[in-house]
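Okay, so here's the structure we're looking at.
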Amino acid sequence: MKNTGLYCEDVSPGDALPTFELKVTRTHIVKFAGAGGDFNPIHHDEEYAKALGLPSVFAMGLMSAGYLSRVITDWAGVENVKRYKVRYSGIVWPGDILTFGGQVGGKAGDRGIVSCELHASNQNGEKVIEAEAEVLLPRRNA
Numbered sequence: 035m036k037n038t039g040l041y042c043e044d045v046s047p048g049d050a051l052p053t054f055e056l057k058v059t060r061t062h063i064v065k066f067a068g069a070g071g072d073f074n075p076i077h078h079d080e081e082y083a084k085a086l087g088l089p090s091v092f093a094m095g096l097m098s099a100g101y102l103s104r105v106i107t108d109w110a111g112v113e114n115v116k117r118y119k120v121r122y123s124g125i126v127w128p129g130d131i132l133t134f135g136g137q138v139g140g141k142a143g144d145r146g147i148v149s150c151e152l153h154a155s156n157q158n159g160e161k162v163i164e165a166e167a168e169v170l171l172p173r174r175n176a
């Protein structure tokens with residue numbers, strides 16, 4: 035476990051986690067396709083997406099999950115994340131402005147395990163992804 039300066043005793047249920055915003059562009063989507071190997075034309079070919087009845091291409095769910103994971107890793111350190119589970123609840127379109135954040139859900143203080151609830155919402159306040167994470171934080175007197 036890496037000590038990031040954050041201790042289990044310092045956090046309480048309801049504490050806010052760091053937030054950030056991202057305006058999703060087609061470039062984000064294409065870069066993620068290249069990095070992740072997801073070349074489904076529904077994510078990059080406008081004509082293909084429209085032929086299926088969609089208004090446009092849309093972002094991969096894993097792209098949103100990756101950005102959302104930054105909330106917990108920036109807060110607790112990637113080395114301390116023990117579990118990360120996501121639920122997709124909406125589509126992310128080019129031009130969407132996503133706000134990523136979360137809060138401490140609870141903790142098993144005797145073991146240093148802290149559970150967190152994460153989410154991202156678009157500019158209309160609609161949640162597009164939710165996640166649960168558990169981190170292991172050091173104890174001050176351990």
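Residue numbers (the working numbering): 35 to 176. Where is the CB? At the ideal position from N, CA and C, for every residue including glycine.
Outcome for residue i when other beta-carbon atoms lying within 10 angstroms are tallied against a minimum of 16
i	result
K141	buried
F54	exposed
D44	exposed
R98	A small fix is needed here, since residue 98 is Ser in this sequence, not Arg. S98 should be labelled buried.
S46	exposed
N158	exposed
F73	exposed
Pick from the options that is closest to residue i, judged by C-alpha positions
i	options	result
I163	V138, L132, V148, R173	L132
W109	E168, R173, N175	E168
W127	L40, G48, A50, M94	M94
I63	G48, G129, V115	G129
R174	G87, E160, R145, A154	R145
V120	Q157, K57, G136, F92	G136
Y41	H153, N156, V148, A165	V148
P75	S123, A69, A83	A83
Beta-ladder partner(s) of residue i, from DSSP
i	result
A99	Paired residue(s): none; A99 is not in a bridge.
F134	F54, A154
S149	G140, E168
R121	E164
V64	DSSP, once it has assigned bridges, lists no residue as partnering V64.
V115	V169
Residue j beta carbon less than 8 Å from that of residue i
i	j	result
V105	P52	yes
T38	G111	yes
Segments of 4+ residues assigned as alpha helix (DSSP H) that fall wholly inside the stretch 74-99: 80-85
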